[in-house]
Structure formats: structure tokens, C-alpha cells
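Engineer: Its first residue numbered 8, the sequence shown is counted upward by one per residue in this note's numbering.
No residue lacks a Cβ here, since even glycine has one placed at the ideal position from N, Cα and C.
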Amino acid sequence: MIPKQKLSIDEAVIKARTYCNYRERCHKELREKLYDMGLWKKDVDHVIMQMMDENLLNEERYVKSYARGHFYIKKWGKYKIKVELRSRQIHDSLIRIGMKEIEDDDYLEMIEKLIRKKMKEVTGTKYERQQKVSRYMVG
Numbered sequence: 008m009i010p011k012q013k014l015s016i017d018e019a020v021i022k023a024r025t026y027c028n029y030r031e032r033c034h035k036e037l038r039e040k041l042y043d044m045g046l047w048k049k050d051v052d053h054v055i056m057q058m059m060d061e062n063l064l065n066e067e068r069y070v071k072s073y074a075r076g077h078f079y080i081k082k083w084g085k086y087k088i089k090v091e092l093r094s095r096q097i098h099d100s101l102i103r104i105g106m107k108e109i110e111d112d113d114y115l116e117m118i119e120k121l122i123r124k125k126m127k128e129v130t131g132t133k134y135e136r137q138q139k140v141s142r143y144m145v146g
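1) If we count the other Cβ atoms within 10 Å of its Cβ and call it buried at 16 or more, is ILE80 buried or exposed?
2) Grouping DSSP H, G and I as helix and E and B as strand, with all else coil, what is VAL129?
3) Determine the burial state of VAL90: buried for a count of at least 16 other Cβ atoms within 10 Å of its Cβ, exposed for fewer.
4) Between VAL51 and the rest of its own chain, which residues show a CB-CB distance below 7 Å, the 5 nearest in sequence each way excluded?
5) The alpha helix (DSSP H) with ILE21 in it runs from where to where?
6) Check LYS13 in the structure and name its three-state DSSP category.
7) Between LYS139 and the rest of its own chain, which residues show a CB-CB distance below 8 Å, the 5 nearest in sequence each way excluded?
8) When the Cα atoms are used, what is the spatial distance from ILE16 to LYS107?
9) Could you tell me the boundaries of the alpha helix (DSSP H) in which GLN57 lies?
10) Can you tell me whether DSSP reads HIS149 as helix, strand or coil?
11) Can you give me the C-alpha to C-alpha distance between GLU31 and LEU63, rounded to a whole angstrom?
12) Between which two residues does the alpha helix (DSSP H) containing GLY76 stretch?
13) Throw me the rounded Cβ distance for the LEU121 and MET144 pair, which I believe falls under 8 Å.
14) Work out the CA separation of CYS33 and TYR69 for me, nearest whole Å.
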């Protein structure tokens, strides 16, 4: 189905600026938003290029912010963050840059905290508790 042009380019640029100013965005998020607004591919590409020129859309900055936020706030592990960034069509070289935002000491400390917290919550024999915690940490 061919999308119906609903906005002018200028209106789309204004909406894209607002959308990108609210929080960091990746190209895929902005592209989907612009398609939802009814823009054609060439217009979407034009708006994305303009947002990049205005430094409102920067994938490296997005990846760093995403990795920090999802690790320190949501307590996600590196693997889960990588999987989610790949689903957003972020290149592996940028994902590696983002992973450097997570300090190894902080990562190990977070793992230890999660293990201690879960060990207090689970019941059963020592072996059963270890199994439950292991399953929790893996999945």
C-alpha cells in the first residue's frame, strides 16, 4: 500500500525535531514515525538527513545513552542490551562503542547484587536455590 502524503516536508521536519528533542532516537525509530505520518520514502530520507545535519539524530550518542540507561536504571545485562540494539538495526561497531559505557566493575557489582537479592527471595534446599538463581540470571 502506498502511503498518502499527510504532511508537508516543513511540517514533518518540525514534528521530527520535537520527536528527537524529547529523547535520543535511532534512525529506525524516526523512520517508522515518519512513515506513520504518511511521508514517502524520499521525504523520509530528506527529513532524516536534516535531523542528522542538525545533530538531533546521532546513532553513536543514542547507543551510549541506551546502554547506560538500560544498564544503570533498568538493570539489563550486556547481552540483552546488544540484542535490543540489533533489533533496532544498529551496526555492531556502534554497539561495541555503547558497551564501553558500562564499566566492568559496575557490571560485576550489579551481578553480585542481583544474585544476593534473588538468593534471599527463593526457597528450597541450597541446591534448589542455586538452580533457581542460575535460571534467573540466565534468562
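Structural biologist: Taking the structure as given:
1) exposed
2) coil
3) exposed
4) ARG38, LEU41 and TYR42
5) The continuous alpha helix (DSSP H) containing ILE21 extends over residues 16-29.
6) coil
7) For LYS139, where only same-chain residues beyond five positions count, the Cβ hits under 8 Å are LYS125, VAL129 and GLY131.
8) 37 Å
9) 48-60
10) Lying before the first or after the last residue shown, residue 149 is absent from the chain, which here runs from 8 to 146.
11) 8 Å
12) Under the DSSP assignment, GLY76 falls in the alpha helix (DSSP H) whose first and last residues are 66-79.
13) 7 Å
14) 6 Å
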